[in-house]
Amino acid sequence: DVDSVESITNIRKRLVSPGISLGALSPEAHETLSIAMNRIGAKSDSGEGGEDPARFRLRENGDNPSSAIKQVASGRFGVTAEYLNNCEELEIKVAQGAKPGEGGQLPGIKVNSLIAKLRHSTPGVTLISPPPHHDI
67 DVDSVESITN
77 IRKRLVSPGI
87 SLGALSPEAH
97 ETLSIAMNRI
107 GAKSDSGEGG
117 EDPARFRLRE
127 NGDNPSSAIK
137 QVASGRFGVT
147 AEYLNNCEEL
157 EIKVAQGAKP
167 GEGGQLPGIK
177 VNSLIAKLRH
187 STPGVTLISP
197 PPHHDI
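Using the numbering used here, the first residue of the sequence shown is number 67, and each one after it goes up by one.
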């Protein structure tokens with residue numbers, strides 16, 4: 067019976083994009099994914115690494131470029147009080163999964179000025195997110 071089918075609006079509320087960090091995606095792709103998910107009433111996940119605080123404000127056209135879900139991973143990259151206060155949900159990534167060695171690694175060649183700023187690091191320096199949270 068078609069009348070007993072859940073509305074598309076209610077279904078969309080349960081859709082969530084995976085946690086993909088800014089850096090794994092270009093800044094433009096990362097922001098566009100957030101805007102698109104917000105437009106349809108779904109949620110995007112920031113992934114590890116933070117977001118530019120400029121994205122915490124609505125655009126002039128009403129678009130919301132902020133990820134609804136903010137991820138806190140073991141490296142705590144980009145995690146600030148402002149970042150945490152601008153989420154609907156908080157995701158604590160408990161472990162790095164099947165990554166070998168030291169956990170998640172971002173080669174220095176990929177740490178440009180934007181990534182370094184958001185992760186409170188230095189451009190060109192390799193970043194390591196340890197396998198566990200050592201304080202949890």
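A virtual CB, placed ideally from N, CA and C, is assigned to each residue, including glycine.
Bridge-paired residues (DSSP) for residue i
{"i": "S195", "result": "G170"}
{"i": "E157", "result": "Q137"}
{"i": "V82", "result": "K109"}
{"i": "L91", "result": "L88"}
Whether residue i touches residue j by CB criterion (9 Å)
{"i": "E114", "j": "A134", "result": "no"}
{"i": "E157", "j": "K176", "result": "no"}
{"i": "V138", "j": "D111", "result": "no"}
{"i": "I101", "j": "R78", "result": "no"}
{"i": "H199", "j": "S140", "result": "yes"}
{"i": "S187", "j": "Q171", "result": "no"}
Cβ distance (whole Å) where residue i is taken to contact residue j below 8 Å
{"i": "E117", "j": "G144", "result": "7 Å"}
Neighbour-count burial assignment, residue i, 16 or more Cβ in a 10 Å radius
{"i": "L193", "result": "buried"}
{"i": "E72", "result": "exposed"}
{"i": "L180", "result": "exposed"}
{"i": "K109", "result": "buried"}
{"i": "P173", "result": "exposed"}
{"i": "P131", "result": "buried"}
{"i": "I86", "result": "buried"}
Reduced DSSP secondary structure (H/G/I, E/B, other) of residue i
{"i": "N127", "result": "coil"}
The ligand FMN heavy atom lying under 8 Å from the CB of residue i
{"i": "Q171", "result": "For the ligand FMN, the structure offers nothing, since it holds no ligand at all."}
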